[in-house]
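J.:
Numbering (our numbering), first residue to last: 124 to 307.
Pasting the structure below:
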């Protein structure tokens, strides 16, 4: 009988402690503001987003820049990249980037199209860009995006060799993409 009573009291005590920890953790989270999203890369002055916009997402990306031969010169045909949360070591895909340019969330289906409005050349890699959103779709992560930055680029440069006919080549690249929305 004593063992049963002790087991019931121990179970009740553990339950009370767990409930108290859960309540205090929930209250603590509600009272503590979440840390702001950080870029982790330097932004050239030419690519600064105008005031009145807030950084809402930062994603690492890996993919290719595909070039096609046009008039005996390599020209960009399209990008193709997978994006994941900047600090996600598992690199779980959260968006795809393709011709448009467009970014589509693989999580919620939202999308943003953009048009380059400024660039910052970098030696040996594709330029960093500032893009203004031209359209958005859906209610998820890319809803209402106003600007996109392509930063911290590596690779992706068109070949310097001659091309002929309908040649195509894909060159690997990595970058950080930052998404902004109008401040509320």
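Backbone N, C-alpha and C define an ideal beta-carbon position, used for all residues, glycine too.
#1: Count the CB pairs spanning the region 295-303 and the region 180-197 that are closer than 8 angstroms, and state whether there are at least three.
#2: I'd like the ranges of any beta strand (DSSP E) spanning at least 3 consecutive residues and lying wholly in the region 249-300.
#3: Span of the beta strand (DSSP E) holding residue 306?
#4: Mind checking whether residue 195 and residue 281 have CB atoms under 9 angstroms apart?
#5: Tell me whether residue 274, by its Cβ, gets closer than 8 angstroms to a heavy atom of the ligand NAP.
#6: Name the DSSP beta bridge partners of residue 221, please?
#7: Just reading off the beta strand (DSSP E) that residue 171 is part of, what are its end residues?
#8: Where do the N-terminal and C-terminal ends of the beta strand (DSSP E) with residue 236 fall, by residue?
#9: Need the endpoints of the beta strand (DSSP E) that residue 183 sits in, please.
#10: Helix, strand or coil, according to DSSP, for residue 165 in the structure here?
#11: Can you tell me whether residue 324 is buried or exposed, with buried defined as 16 or more other CB within 10 angstroms of its CB?
#12: What is the rounded straight-line gap between the Cα of residue 253 and the Cα of residue 208?
#13: Helix, strand or coil for residue 213 per DSSP?
#14: Alpha carbons only, please: which of 176, 297 and 226 is nearest the one belonging to residue 263?
#15: From the DSSP output, read off the bridge partner residues of residue 199.
#16: Would you report the Cα separation of residue 268 and residue 245, rounded to the nearest angstrom?
T.: Based on what the coordinates show:
#1: Contact between the region 295-303 and the region 180-197 is present, because at least three Cβ pairs lie under 8 angstroms.
#2: 270-278
#3: Note, residue 306: premise wrong, no beta strand (DSSP E); not H, not E.
#4: no
#5: This structure lacks the ligand NAP; in fact it carries no ligand of any kind.
#6: DSSP lists 225 as partners of residue 221.
#7: Careful: residue 171 lies outside any beta strand (DSSP E) and carries neither H nor E.
#8: 234-245
#9: Residue 183 -> beta strand (DSSP E) spans 176-193.
#10: coil
#11: Nothing can be reported for residue 324, as the shown portion of the chain is limited to 124 through 307.
#12: 20 angstroms
#13: coil
#14: 226
#15: BP columns for residue 199 point to 190.
#16: 26 angstroms
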